[in-house]
Amino acid sequence: MAKKFRINKNRCIGCGTCVQSCDKATKLGGDMKAEIIDQEKLEECGGAKVCPFGAIEEIREDKTKK
5 MAKKFRINKN
15 RCIGCGTCVQ
25 SCDKATKLGG
35 DMKAEIIDQE
45 KLEECGGAKV
55 CPFGAIEEIR
65 EDKTKK
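Using my numbering, you'd call the opening residue of the sequence shown number 5 and step up by one each time.
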């Protein structure tokens with residue numbers, strides 16, 4: 005199963021490192037905070053490791069849900 009990510013807007017400082025590292029997966033939105041535009045490509049680029057401030061977080065799914 006592919007990993008899924010989200011942006012923690014409280015940690016994102018709008019530095020653009022994620023966009024420089026993975027421009028096909030992220031962009032800076034109108035609030036100058038990162039936005040994910042392609043989950044699959046973000047995983048290929050390194051996922052959460054792309055952000056030096058820890059603003060890209062992997063969403064962990066609870067496997068006990070039915």
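Heads up, the beta-carbon is just placed ideally off N, CA and C, and yes, glycines get one too.
Self-check item: 6 Å CB neighbourhood of K8 in its chain, flanking five on each side removed
Solution: Residue mapping note: residue 8 aligns to position 4 of the sequence shown, counting from 1. Same-chain partners within the cutoff: Q43, I63.
Quiz item: Helix, strand or coil: which one does DSSP assign to E48?
Solution: Numbered from its first residue, the sequence shown carries residue 48 at position 44. In the structure shown, the three-state DSSP call for E48 is helix.
Quiz item: Residue range of the beta strand (DSSP E) that I63 falls in?
Solution: As a working mapping, residue 63 is identified with position 59 in the sequence shown. Where I63 is concerned, the enclosing beta strand (DSSP E) stretches over 60 to 63.
Exercise. Let me know if A6 comes out buried or exposed under the rule of 16 or more other beta-carbons within 10 Å of its beta-carbon.
Key: By 1-based counting over the sequence shown, the position of residue 6 is 2. Around the CB of A6, fewer than 16 other CB atoms lie within 10 Å, so the residue is classed as exposed.
Practice problem: Return the bridge partner residues of F9 from the DSSP annotation. | Solution: In the sequence shown, residue 9 corresponds to position 5, counting from 1. DSSP, once it has assigned bridges, lists E62 as partnering F9.
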